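In full-length UniProt numbering, the protein residues as written are 1 to 219. C-beta atoms are modelled at their ideal positions from N, C-alpha and C, and glycine is treated no differently. Quick caveat: nothing in here was measured; it's all calculated off a predicted structure. Read the structure below first, then the notes.
Structural data, given as structure tokens:
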């Protein structure tokens with residue numbers, strides 16, 4: 001079970017009705033009125049925040065701010081502890097080394113070749129408007145950094161499920177076929193380089209070993 005969901009459930013059980021009302025009031029600018037009215041517990045409210053990608057296991061800033069606003073410093077402390085411990089174990093939910101290498105190479109190509117239509121691409125990858133707006137606000141005058149941080153946010157959000165194939169699918173879904181072709185070319189070069197390195201590390205193939213064994217003189 002997801003440790004972050006367990007933590008949120010724990011928080012939900014310790015919120016009073018008055019504190020829940022305060023949280024809903026503070027979230028009026030981020031969540032629609034009907035959804036807020038429908039949330040009758042902390043768990044339901046947290047589910048909405050998760051659904052709209054306003055919070056996640058590696059993006060707890062909003063949640064921390066909310067708890068501070070209602071003077072629940074005990075929950076703030078638990079949340080910070082979770083984040084600190086999570087930084088140690090975060091690698092467990094990351095793509096393997098080879099997949100991450102391919103993704104980072106794809107990010108480089110995408111950032112170099114996708115221009116002002118980058119939002120269409122990251123929407124295709126599933127990033128929410130709220131997440132995109134926060135990234136833009138954090139990098140207001142740097143288009144390259146906005147796109148890069150959006151791709152990194154997608155990578156963190158998907159974790160082990162992040163696949164370079166999804167990047168290619170999204171590119172082609174946005175009719176960015178030329179960029180997708182360049183990415184595929186770059187990835188092919190990386191795969192070729194990996195194969196060459198493996199050969200250099202172990203140049204003798206099993207068949208060669210077998211042939212050399214057959215040629216040994218018998219005494």
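- Closest option to residue 22, judged by alpha-carbon separation, among 41, 155 and 70: 70.
- The beta carbon of residue 26 sits closer than 7 Å to those of 66 and 69, all from its chain and outside the five residues before and after it, given in chain order.
- Contact between the segment 117 to 133 and the segment 158 to 175 is present, with at least three C-beta pairs closer than 8 Å.
- Per DSSP, the continuous alpha helix (DSSP H) segment holding residue 22 begins and ends at 17 to 26.
- Partner residues in the beta bridge of residue 56, as assigned by DSSP, are 59.
- Under the three-state reduction of DSSP output, residue 128 falls in the coil class, being neither helix nor strand.
- Here the C-alpha atom of residue 130 lies approximately 17 Å from the C-alpha atom of residue 117.
- Of the other Cβ atoms in all chains shown, 16 or more fall within 10 Å of the Cβ of residue 170; this residue is therefore buried.
- Boundaries cannot be given for residue 174, as no alpha helix (DSSP H) includes it and DSSP labels it neither H nor E.
- Three or more pairs of CB atoms, one per stretch, sit closer than 8 Å, so the segment 176 to 184 contacts the segment 103 to 113.
- Under the three-state reduction of DSSP output, residue 67 falls in the helix class.
- With contacts defined by Cβ atoms closer than 8 Å, residue 64 and residue 45 do not form a contacting pair.
- The C-beta distance from residue 43 to residue 9 rounds to 6 Å, short enough to meet the 8 Å contact threshold.
- In the displayed model, residue 95 falls within coil according to three-state DSSP, outside both helix and strand.
- Per DSSP, reduced to three states, the secondary structure at residue 14 is coil, with no helix or strand assignment.
- A direct Cα-Cα distance of roughly 8 Å separates residue 147 from residue 119.
- For residue 7, same chain residues with a beta-carbon under 8 Å away, outside a window of 5 residues either side, are 78, 79 and 82 in chain order.
- For residue 33, the enclosing alpha helix (DSSP H) has its first and last residue at 33 to 38.
- When rounded, the separation of the alpha-carbon atoms in residue 98 and residue 134 is 30 Å.
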